[in-house]
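There are 2 protein chains.
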Amino acid sequence: MNRRFVILTEGQTNPIRAKTASCVIRYCPDEVVALLDRGHAGKVSRDLLGVGDVPIIARLADAPEAKTLLIGIANPGGLIPDAWRAIIVEAIERGLDVVSGMHDFLADDPELAALASKHQVRLIDVRNNRLSRIARGEGLREDCLRIHTVGHDCSVGKMVVSVEVTNALKARGYDAKFAATGQTGIVVEGDGYPIDCMVADFISGAAEQLVLDHQHHDIIVVEGQGSLFHPSYSGVTLGLLHGCQPHGMILCYEVGRTSPLGLEHITLPPLSTVRRLYEIAAATRRPCPVIGIAMNSRLLTKTEAETERKEMQRLFGLPVCDVFRHGAEPLVEAVLRLKAIRDQLVP
Amino acid sequence: MNRRFVILTEGQTNPIRAKTASCVIRYCPDEVVALLDRGHAGKVSRDLLGVGDVPIIARLADAPEAKTLLIGIANPGGLIPDAWRAIIVEAIERGLDVVSGMHDFLADDPELAALASKHQVRLIDVRNNRLSRIARGEGLREDCLRIHTVGHDCSVGKMVVSVEVTNALKARGYDAKFAATGQTGIVVEGDGYPIDCMVADFISGAAEQLVLDHQHHDIIVVEGQGSLFHPSYSGVTLGLLHGCQPHGMILCYEVGRTSPLGLEHITLPPLSTVRRLYEIAAATRRPCPVIGIAMNSRLLTKTEAETERKEMQRLFGLPVCDVFRHGAEPLVEAVLRLKAIRDQLVP
Chain A
1 MNRRFVILTE GQTNPIRAKT ASCVIRYCPD EVVALLDRGH AGKVSRDLLG VGDVPIIARL
61 ADAPEAKTLL IGIANPGGLI PDAWRAIIVE AIERGLDVVS GMHDFLADDP ELAALASKHQ
121 VRLIDVRNNR LSRIARGEGL REDCLRIHTV GHDCSVGKMV VSVEVTNALK ARGYDAKFAA
181 TGQTGIVVEG DGYPIDCMVA DFISGAAEQL VLDHQHHDII VVEGQGSLFH PSYSGVTLGL
241 LHGCQPHGMI LCYEVGRTSP LGLEHITLPP LSTVRRLYEI AAATRRPCPV IGIAMNSRLL
301 TKTEAETERK EMQRLFGLPV CDVFRHGAEP LVEAVLRLKA IRDQLVP
Chain B
1 MNRRFVILTE GQTNPIRAKT ASCVIRYCPD EVVALLDRGH AGKVSRDLLG VGDVPIIARL
61 ADAPEAKTLL IGIANPGGLI PDAWRAIIVE AIERGLDVVS GMHDFLADDP ELAALASKHQ
121 VRLIDVRNNR LSRIARGEGL REDCLRIHTV GHDCSVGKMV VSVEVTNALK ARGYDAKFAA
181 TGQTGIVVEG DGYPIDCMVA DFISGAAEQL VLDHQHHDII VVEGQGSLFH PSYSGVTLGL
241 LHGCQPHGMI LCYEVGRTSP LGLEHITLPP LSTVRRLYEI AAATRRPCPV IGIAMNSRLL
301 TKTEAETERK EMQRLFGLPV CDVFRHGAEP LVEAVLRLKA IRDQLVP
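Chains as they are written, first to last, in the working numbering: chain A, 1 to 347; chain B, 1 to 347.
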């Protein structure tokens with residue numbers, strides 16, 4: 001199935017806000033027809049997002065082959081910008097399906113729902129998939145290795161690291177699965193649960209279900225959400241961590257990030273504290289070490305990144321890499337070392 | 001306003017499951033007409049719940065003065081037992097409002113909604129009050145002392161301790177407010193937010209809003225939810241803790257509780273670990289000590305309870321009491337000591 005996406009990032013085509021757009025361009029390149037941002041029409045995605053050669057267009061009419069409009073941002077609070085409404089209306093009228101990962105569901109909007117019905121198109125709210133189950137802490141198979149990405153903040157690359165590690169494991173012949181927990185990951189992978197929009201009592205239950213769904217694979221890499229250190233989202237992060245009960249964690253951070261996203265009045269702690277707290281928090285369910293560090297060095301030069309990498313390796317005694325600069329191999333090696341140890345323990 | 005409750009606990013009139021019933025009988029005694037549990041008709045609430053002299057009846061017809069049917073249980077997952085549906089239908093047909101704290105909303109049930117409309121009664125879903133705001137970590141007044149009850153497990157008495165401490169503070173002339181975060185607390189207090197049914201991204205935002213709503217008081221006591229050590233609900237607990245940013249915590253535990261409620265295959269850690277983990281978790285937002293311990297000694301004799309109390313005081317160097325056996329004074333003293341210290345610090 002090719003969804004032939006036009007990705008809507010109007011006025012927000014930058015690497016932080018247009019995270020959904022960037023990742024879909026990166027991981028589903030054959031399905032992306034165009035980016036829609038009239039202020040940058042004529043450029044390509046690489047110019048603004050650093051990835052892909054997708055043309056940026058000014059009007060839906062410029063991509064007549066499109067079949068789906070994808071809302072390409074992941075903004076705090078998850079509301080669709082007012083200015084985008086007219087574009088969504090036009091997309092529906094042109095016969096396009098609309099895919100959204102916002103907290104506000106398109107299908108709950110009477111006008112859009114009526115219009116979609118009239119034009120026989122689908123409004124697909126990726127986050128509209130709530131489970132009502134509490135975690136039981138039972139039924140998890142110990143012969144499926146569970147890896148979980150965690151971060152010192154939101155939007156540092158947990159999803160990208162999860163996909164890259166999974167793909168690298170697959171390339172080496174392992175039966176690995178990317179277990180998506182957020183809107184972008186779900187669009188990329190085609191399955192998963194939107195953990196951050198579960199009813200609070202069911203966060204861990206949904207995370208546990210995600211593991212139960214996929215533990216016939218040998219290795220699953222569960223995408224992390226939020227951060228224990230982000231004042232808005234720490235509950236999501238802990239509920240997910242306790243629900244999926246990982247055997248090993250990969251700690252993701254962005255070099256130079258000193259405050260939680262959007263909250264400049266707060267200071268993030270040093271990474272050594274971050275690592276310790278994740279290990280303490282995980283251990284209330286089961287002991288689980290951080291086995292590697294994924295650095296996001298997008299703001300650094302190549303030389304600076306190499307210096308940072310060596311310093312972090314020395315400080316933490318763990319493999320460290322930027323999956324885009326260096327590939328995911330150092331993290332894959334760490335996963336396989338953990339697997340070898342566990343394979344000795346599990347009959 | 002007197003809601004004249006008949007409280008429905010059919011087949012579940014015991015202190016753990018009928019927690020909502022027990023608390024409403026305790027704190028709103030003038031509003032409770034009867035308990036409905038046909039298997040125990042003729043007894044009074046004290047016989048089964050240890051509180052109040054509310055008659056237990058077999059049929060709604062036995063309480064013609066009632067104005068409201070209150071669903072009196074708080075069960076895991078929050079679903080209404082099938083067998084109760086006929087009773088709810090009858091209540092509506094008799095002209096009673098129905099108050100429910102279940103995750104499944106009465107108002108979302110087409111048949112019940114139509115019936116309620118026909119009979120001009122209200123279906124009041126206490127949990128149907130979702131906020132869509134993320135926490136900002138700003139705007140909290142430092143001259144309002146924030147106390148938060150936390151527990152080693154669910155259903156150990158956090159709500160009761162919050163109410164008792166608030167009432168004891170008020171009795172001594174302080175401007176204190178009980179900030180309710182759960183279905184029962186909201187029914188008792190008449191306001192608050194149902195934190196455990198917020199959309200996951202908004203847990204901390206709702207907790208923060210609760211503080212913003214009430215920080216014109218000198219002291220607010222924010223009811224805790226779940227437990228960092230309950231695999232199903234730890235995300236709710238952490239999101240609430242980080243959203244309300246307490247200055248001091250009261251640690252609640254039940255003597256003899258060794259497993260999380262409903263999960264006998266899991267062992268709870270020692271209370272010293274519980275205390276330390278809450279202090280570590282709180283400290284990612286602001287340093288916040290456990291200032292006192294509330295023990296729930298309902299399974300102990302008076303002598304056993306006194307032994308336990310002394311031992312815990314010795315081990316923790318903190319005031320310890322069972323608010324029902326000993327009153328809340330030792331905890332109130334701890335709150336006031338913290339207030340005196342903070343009043344020196346805050347101009």
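Using N, Cα and C, we set each Cβ at its ideal position, and we do this for glycine too.
Exercise for the section: With a cut-off of 8 Å on the beta carbons, I'd call residue 34 of chain A and residue 57 of chain A a contact; round off their distance for me. Expected result: 5 Å
Handout entry: Beta carbon proximity, residue 352 of chain A to chain B, threshold 8 Å
Key = Only positions 1 to 347 of chain A appear in the structure, and residue 352 of chain A is not among them; the question remains open.
Handout entry: Simplified DSSP assignment, three categories, for residue 100 of chain A
Key = strand
Practice task
Could you check the C-alpha separation between residue 209 of chain A and residue 192 of chain A for me, to the nearest Å?
Solution key: 10 Å
Practice task
Tell me residue 178 of chain A's beta-bridge partners as DSSP assigns them.
Solution key: A/221
Exercise for the section: Within the segment 118-192 of chain B, note down every full alpha helix (DSSP H) run reaching 4 residues or more, in order along the chain. Expected result: 158-171 and 183-189
Practice task
Note down, in chain order, every chain B residue with its Cβ under 7 Å from the Cβ of residue 195 of chain A.
Solution key: Near residue 195 of chain A (Cβ distances below 7 Å), the residues of chain B are 200.
Exercise for the section: Could you give the DSSP three-state label for residue 292 of chain B: helix, strand or coil? Expected result: strand
Handout entry: residue 179 of chain B versus residue 179 of chain A: straight-line alpha-carbon distance, rounded
Key = Looking at the two C-alpha atoms, the distance is approximately 38 Å.
Exercise for the section: Starting from the beta carbon of residue 285 of chain A, find every residue of chain B whose beta carbon is closer than 8 Å, and list them in chain order. Expected result: 231
Exercise for the section: Would you tell me roughly how many angstroms separate the C-alpha atoms of residue 328 of chain A and residue 345 of chain A, rounded to the nearest one? Expected result: Distance between the alpha carbons of residue 328 of chain A and residue 345 of chain A is about 26 Å.
Problem - For residue 248 of chain B, the residue or residues it bridges with in DSSP - result: BP columns for residue 248 of chain B point to B/147.
Problem - For residue 301 of chain A and residue 201 of chain A, the rounded distance between their alpha carbons - result: 44 Å
Practice task
Could you give the DSSP three-state label for residue 55 of chain B: helix, strand or coil?
Solution key: strand
Practice task
Please name the residue in B/131, B/63 and B/29 whose C-alpha comes closest to that of residue 41 of chain B.
Solution key: Selected option, being the one with the closest Cα: B/63.
Handout entry: beta strand (DSSP E) segments (min. 3 residues) lying fully within the segment 278-326 of chain A
Key = 290-296
Exercise for the section: To the nearest angstrom, report how far apart residue 196 of chain A and residue 127 of chain A are at their CA atoms. Expected result: About 8 Å.
Problem - residue 260 of chain A burial status per 10 Å Cβ neighbour count (16 or more: buried) - result: buried
Handout entry: Buried or exposed (CB count within 10 angstroms, at least 16 for buried), residue 206 of chain A
Key = buried
Practice task
Below 6 Å CB to CB, which residues in the same chain sit around residue 296 of chain A once its five sequence neighbours on both sides are set aside?
Solution key: 156, 157 and 254
Exercise for the section: Could you have a look at residue 16 of chain A and say whether DSSP puts it in helix, strand or coil? Expected result: coil
Problem - Proximity test, Cβ basis, 8 Å: residue 132 of chain A and chain B - result: yes
Problem - Residues that DSSP places opposite residue 32 of chain B in a beta bridge - result: Listed as beta-bridge partners of residue 32 of chain B by DSSP are B/5.
Problem - Extent of the continuous beta strand (DSSP E) run through residue 71 of chain A - result: First-last of the beta strand (DSSP E) with residue 71 of chain A: 68-71.
Problem - Cβ-Cβ separation, residue 67 of chain B to residue 172 of chain B (assumed contact under 8 Å), whole Å - result: Contact doesn't hold; Cβ gap of about 35 Å is too wide.
Exercise for the section: Taking residue 17 of chain B as the query, report the chain A residues whose CB atoms sit under 7 Å from its CB, ordered along the chain. Expected result: Correct list: empty, because the minimum Cβ distance to chain A is about 15 Å.
Problem - CB contact flag (residue 183 of chain A, residue 74 of chain A, <8 Å) - result: yes
Problem - Short-range partners of chain A found in the segment 276-306 of chain B, where Cβ spacing is below 8 Å - result: 277, 280, 281, 284 and 285
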